[in-house]
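Step one of this worksheet: look at the structure below.
Protein chains: 2
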Amino acid sequence: MAQDVNRRWLLAEYPQGMPSTQTWRMEEAPRPEPGPGQILIRVRYLSVDPYMRGRISPARGYTKGVEIGELMQGGGVGEVVTSNHPDWKPGDIAESMGVGWQEYAVLTPDSDGRGGVNRIDPALAPIQSSLSWLGMPGMTAYFGLYDVGRPRPGDTLVVSAASGAVGQLVGQLAKQAGCRVVGIAGRDDKLAWCSEIGFDAVINHRSEQDLTGAVAKACPQGVDIFFDNTAGPIHDAVMKNLANHARVIQCGRIALADKAGQPDMGERFMGHLIVTRASIHGFLVFDWWHRRDEALTRLAALAREGGIATREDVLDGIESMPEAFMRLMEGRNFGKQLVRLGG
Amino acid sequence: MAQDVNRRWLLAEYPQGMPSTQTWRMEEAPRPEPGPGQILIRVRYLSVDPYMRGRISPARGYTKGVEIGELMQGGGVGEVVTSNHPDWKPGDIAESMGVGWQEYAVLTPDSDGRGGVNRIDPALAPIQSSLSWLGMPGMTAYFGLYDVGRPRPGDTLVVSAASGAVGQLVGQLAKQAGCRVVGIAGRDDKLAWCSEIGFDAVINHRSEQDLTGAVAKACPQGVDIFFDNTAGPIHDAVMKNLANHARVIQCGRIALADKAGQPDMGERFMGHLIVTRASIHGFLVFDWWHRRDEALTRLAALAREGGIATREDVLDGIESMPEAFMRLMEGRNFGKQLVRLGG
Chain A
1 MAQDVNRRWL LAEYPQGMPS TQTWRMEEAP RPEPGPGQIL IRVRYLSVDP
51 YMRGRISPAR GYTKGVEIGE LMQGGGVGEV VTSNHPDWKP GDIAESMGVG
101 WQEYAVLTPD SDGRGGVNRI DPALAPIQSS LSWLGMPGMT AYFGLYDVGR
151 PRPGDTLVVS AASGAVGQLV GQLAKQAGCR VVGIAGRDDK LAWCSEIGFD
201 AVINHRSEQD LTGAVAKACP QGVDIFFDNT AGPIHDAVMK NLANHARVIQ
251 CGRIALADKA GQPDMGERFM GHLIVTRASI HGFLVFDWWH RRDEALTRLA
301 ALAREGGIAT REDVLDGIES MPEAFMRLME GRNFGKQLVR LGG
Chain B
1 MAQDVNRRWL LAEYPQGMPS TQTWRMEEAP RPEPGPGQIL IRVRYLSVDP
51 YMRGRISPAR GYTKGVEIGE LMQGGGVGEV VTSNHPDWKP GDIAESMGVG
101 WQEYAVLTPD SDGRGGVNRI DPALAPIQSS LSWLGMPGMT AYFGLYDVGR
151 PRPGDTLVVS AASGAVGQLV GQLAKQAGCR VVGIAGRDDK LAWCSEIGFD
201 AVINHRSEQD LTGAVAKACP QGVDIFFDNT AGPIHDAVMK NLANHARVIQ
251 CGRIALADKA GQPDMGERFM GHLIVTRASI HGFLVFDWWH RRDEALTRLA
301 ALAREGGIAT REDVLDGIES MPEAFMRLME GRNFGKQLVR LGG
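Keeping their order, the protein sequence lines are chains A and B. Numbers 1 to 343, taken from UniProt numbering, label the letters of the first sequence in order. Numbers 1 to 343, taken from UniProt numbering, label the letters of the second sequence in order.
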């Protein structure tokens, strides 16, 4: 009977500021049955990503959020158990943004849902890579850096949350493009790893007394590209060091996670923008989904040539999902945050 | 003897916040003599522009500012009195950004100074047009709107300082490009004129209690292009109404004129930028100077076809320069602010 149970996390309340153990509640539901054209997967890894904070807020987002009592949204990868679709058979590996925080998921391969249902080749890379560097975070780094940042050899790039799922890739891709790369993170072990994988300089935003001065010192020619995953005080320090015609990719705002619904007050930089003729670009990877194959093919090729180091932070069991998400929000993870199910 | 005198305004002190009558002092200097390759002009109109605020600040700007005791920088247009240059003869009309706040100016046509020395055809338009719609403000509207804003028919455009030298052109050019145009200004007579020349809706930012709500009402589909000449509270209200993929041209920041040297504190909009995938572009017309002829040729053609209404605000006499500049800073001007010399 136990194998007929599907444990799943439902949204219990909209968090004020940081989410907590009160934010979700676990439900034991019957294992779902796939309908015509659908497949059932047993989830092997669930992804834990900063965008999820936006899904549990009543404020306007770029897509429909989770209602109270609904299954928490999220991506995952797993093994097909039952297939009612001609192209899928038991044992195939499927990845989707539409899995949700649960042990079993019914997916509809022919639906046009965001990101669709993707077939994963387990011979290419460990299947959880489809949730990190060979998936959405990889595409985020690829399109944000190349298409918005437009790196040129000799540019100085700063990336915040440098050892995270996106930051680690941005830094390495920028190095390959000939940039000087500076990483900002909040723990010395994270920064030591960034240095190991090729970053030219690193800054600890928690221990640094004068963050603006530290950025200036690490970037004597100013900052040409700022790939910002955090917003907040790190953003402010880098904005004061922009070079002329700098490009700021505003990819995330995890430093504001505890301010949900409240305005983010602080210094504004309109004068800096005009004087430097810099630009700030709000970035969402979903706008680039039509070029998914291009990004993943290139990233896989770079990895084959030994060009990409990656790091994951894995917790075990569906019961770990809230804790994994809070780790991410508080920067306690080191690398791509994942949860492994079913041992 | 009086005609040998050149009255000129020197910077007396860096203003804290708004400039005042203490900011400059007038000097009576001998009329200058042109050297080899130079021309002497008698100035007919001096331009008064928001960028001048940045030139009298010790803070980093995009170009060298005015030192204490130096001639105040500014553009002007006048008639050649003496020429030591083969291409110029007495009576020709010359325009330059390098005139300064004075009655006579020596210019060097072959120098590569910013903007150079431009020959003005008085048959084409009144010569002071070379300081407004057929000059730098015209280029600002042209390149900022077309190249950065990238208007499409059906876009909603909001422009602040809507009746000003740049704003009045942005609105009309955007209408011709098929946009719905909303103007923001601080006086009802300015807004009435904007409506007359074709703006679809207008908002008075001084009398409106709920500026964010007023923008929302005037822009039911959101704001696709925001041509911002002011920064400050108007910027904030429009940022909360951006449509997806909106482009913000950050052209000016006149609302911050009294904050020189102090940070501009307030709400930041990183979340709005990400959700909407909007971008903010710091804009300086000097980056587009190599395309000056293109812009002015097109603007002249539009005017010939009856497509451009313009409005000037003219004070008389070199002694009016500080007052003219303060009018502009405080929004008391109505249209392009000019000072006419020599009656």
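Don't be surprised by glycine CBs; every beta carbon is placed ideally from N, CA and C. Note that this is a predicted model, so its numbers are computed, not measured.
When the cut-off is 9 Å and only beta carbons count, does N244/B lie next to chain A?
Working through the second sequence from its first residue, we reach residue 244/B at position 244. Interface residue, yes.
In chain order, what residues of the same chain lie with their CB nearer than 8 Å to the CB of G61/B, ignoring the 5 residues before and after it?
For the purposes of this step, residue 61/B is taken as the residue at position 61 of the second sequence. These residues qualify, in order along the chain: G54, R55.
With 7 Å as the C-beta to C-beta threshold (strictly closer), list the residues of the segment 262 to 282 of chain B near chain A in chain order.
Residues passing the 7 Å Cβ filter: P263, D264, M265, G266, E267, R268, M270, G271, L273, I274, V275, T276, R277, A278, S279, I280, H281, G282.
Below 7 Å CB to CB, which residues in the same chain sit around V166/B once its five sequence neighbours on both sides are set aside?
In the second sequence, residue 166/B corresponds to position 166, counting from 1. P137, T140, A141, N229, C251, listed in sequence order.
Give the residues of chain B in contact with D287/A, contact being defined as C-beta atoms less than 7 Å apart.
On the first sequence, residue 287/A is found 287 positions in, with the first residue counted as 1. Under the 7 Å cutoff, chain B gives R277.
Do the segment 266 to 277 of chain A and the segment 223 to 242 of chain A meet, that is, are 3 or more Cβ pairs less than 8 Å apart?
At 8 Å Cβ cutoff, the stretches touch.
At a Cβ threshold of 9 Å, is R253/B touching chain A?
In the second sequence, residue 253/B corresponds to position 253, counting from 1. So, interface residue.
What's the gap between the Cα of N244/A and the Cα of Q221/A?
In the first sequence, the residue the question calls residue 244/A occupies position 244. In the first sequence, the residue the question calls residue 221/A occupies position 221. The alpha-carbon atoms of N244/A and Q221/A are separated by roughly 10 Å.
Compute the beta-carbon to beta-carbon distance between A185/B and S207/B, rounded to the nearest angstrom, for a pair I have assumed lies under 8 Å.
Reading the second sequence from its first residue, position 185 is the one you call residue 185/B. Reading the second sequence from its first residue, position 207 is the one you call residue 207/B. About 11 Å separates the two Cβ atoms, so there is no contact after all.
By a C-beta neighbour count over all protein chains shown, 10 Å radius and 16 as the cutoff for buried, is A123/A buried or exposed?
Here the question's residue 123/A lines up with position 123 in the first sequence. Under this definition A123/A is an exposed residue.
Should W193/A and R332/A be called a contact, given that it needs their Cβ atoms to be closer than 9 Å?
Residue numbering aside, residue 193/A sits at position 193 when the first sequence is read from its first letter. Residue numbering aside, residue 332/A sits at position 332 when the first sequence is read from its first letter. No; because the gap between Cβ atoms is not below 9 Å, this pair is not in contact.
Looking at the secondary structure, which residues open and close the alpha helix (DSSP H) in which Q168/B lies?
Along the second sequence, read from residue 1 onward, the residue named residue 168/B stands at position 168. From DSSP, the alpha helix (DSSP H) with Q168/B extends over 167 to 176.
What is the rounded straight-line gap between the Cα of residue 364/B and the Cα of G342/B?
Look at the range of chain B in this structure, 1 to 343, and you will see that residue 364/B is not part of it.
Hey, W101/A and L71/A are a contact pair by Cβ (cut 8 Å); roughly how many whole angstroms apart?
Taking the first sequence and counting its residues from 1, one reaches residue 101/A at position 101. Taking the first sequence and counting its residues from 1, one reaches residue 71/A at position 71. Contact flag correct, Cβ pair sits at about 7 Å.
L107/A versus chain B: which residues are under 7 Å apart at the beta carbon?
For this step, residue 107/A is matched to residue 107 along the first sequence. Here the premise fails: no neighbours, minimum Cβ distance about 27 Å.
For the segment 130 to 160 of chain B, which residues have a CB atom closer than 8 Å to at least one CB atom of chain A, in sequence order?
Of all residues in the segment 130 to 160 of chain B, none has a Cβ within less than 8 Å of some Cβ in chain A.
Of all Cβ atoms in chain B, is any one closer than 9 Å to the Cβ of Y62/A?
Along the first sequence, read from residue 1 onward, the residue named residue 62/A stands at position 62. Y62/A counts as touching chain B.
Who pairs with N6/A in a beta bridge, going by DSSP?
Sequence index remark: in the first sequence, residue 6/A carries index 6 (1-based). A29/A.
Let me make sure I understand the geometry here. Which of D210/A, G35/A, V170/A, V48/A has the alpha-carbon closest to that of S111/A?
To locate residue 111/A, count along the first sequence from 1; it is residue 111. Out of D210/A, G35/A, V170/A, V48/A, G35/A has the C-alpha closest to the C-alpha of S111/A.
Go through its chain and collect everything with a Cβ distance to M1/B's Cβ below 8 Å, but skip five positions before and after it.
In the second sequence, residue 1/B corresponds to position 1, counting from 1. With a pLDDT of 41 at M1/B, under the threshold of 50, the predicted position of this residue should be treated as unreliable, and no value is reported.
Once you ignore the five residues that flank D258/A on each side, which residues in its own chain have a CB closer than 6 Å to its CB?
Position 258 of the first sequence, counted from the start, is the residue given in the question as residue 258/A. G17, M18, listed in sequence order.
Who are W24/B's beta bridge partners in DSSP?
Taking the second sequence and counting its residues from 1, the one referred to as residue 24/B is at position 24. Bridge partners of W24/B: L11/B.
Among G282/A, D121/A, S47/A, S57/A, which has the Cα closest to the Cα of L296/A?
As a working note, residue 296/A is residue 296 in the first sequence. Out of G282/A, D121/A, S47/A, S57/A, D121/A has the C-alpha closest to the C-alpha of L296/A.
Determine, for L284/A, whether the minimum Cβ-Cβ distance to residues of chain B falls below 9 Å.
Translated into positions along the first sequence, residue 284/A becomes position 284. Answer yes: the Cβ-Cβ gap between L284/A and chain B drops below 9 Å somewhere.
Check whether the Cβ atoms of L315/A and A324/A lie closer than 9 Å to each other.
As a working note, residue 315/A is residue 315 in the first sequence. As a working note, residue 324/A is residue 324 in the first sequence. Contact: yes.
Quick one: Cα of K217/A to Cα of V182/A, how far?
Here residue 217/A refers to the residue found at position 217 of the first sequence. Here residue 182/A refers to the residue found at position 182 of the first sequence. Answer to the nearest angstrom: the Cα atoms are 11 Å apart.
Could you tell me which whole beta strand (DSSP E) segments of length 3 or greater appear in the segment 196 to 259 of chain A?
DSSP runs (the beta strand (DSSP E)) wholly in the segment 196 to 259 of chain A: 201 to 204, 223 to 228, 242 to 250.
Here's the rule I'm using: 16 or more other beta-carbon atoms within 10 Å means buried, otherwise exposed. How should S96/B be labelled?
For the purposes of this step, residue 96/B is identified with residue 96 of the second sequence, where counting begins at 1. It counts as buried.
Please state the DSSP three-state secondary structure of residue 406/B.
No answer is possible for residue 406/B: the residues shown for chain B start at 1 and end at 343.
Could you please give me the residues that DSSP links to A105/A through a beta bridge?
Taking the first sequence and counting its residues from 1, one reaches residue 105/A at position 105. Beta-bridge pairing links A105/A to I41/A.
Look at the Cβ atom of Y146/B, then the Cβ atom of P32/B, and state whether they are nearer than 9 Å.
Locating residue 146/B in the second sequence gives position 146, counting from the first residue. Locating residue 32/B in the second sequence gives position 32, counting from the first residue. No, they are not a contact pair.
Can you give me the Cβ contacts of A214/B inside the same chain, cut-off strictly under 6 Å, excluding the 5 residues immediately before and after it?
For this step, residue 214/B is matched to residue 214 along the second sequence. I203, E208.
Tell me where the beta strand (DSSP E) around V99/B begins and ends.
Here residue 99/B corresponds to residue number 99 of the second sequence, with the count starting at 1. No beta strand (DSSP E) contains V99/B, which DSSP labels as neither H nor E.
Specify the secondary structure class of M1/A as computed by DSSP and reduced to three states.
For the purposes of this step, residue 1/A is taken as the residue at position 1 of the first sequence. Its pLDDT being 41, under 50, M1/A is placed unreliably in this model, and the coordinates cannot settle the point.
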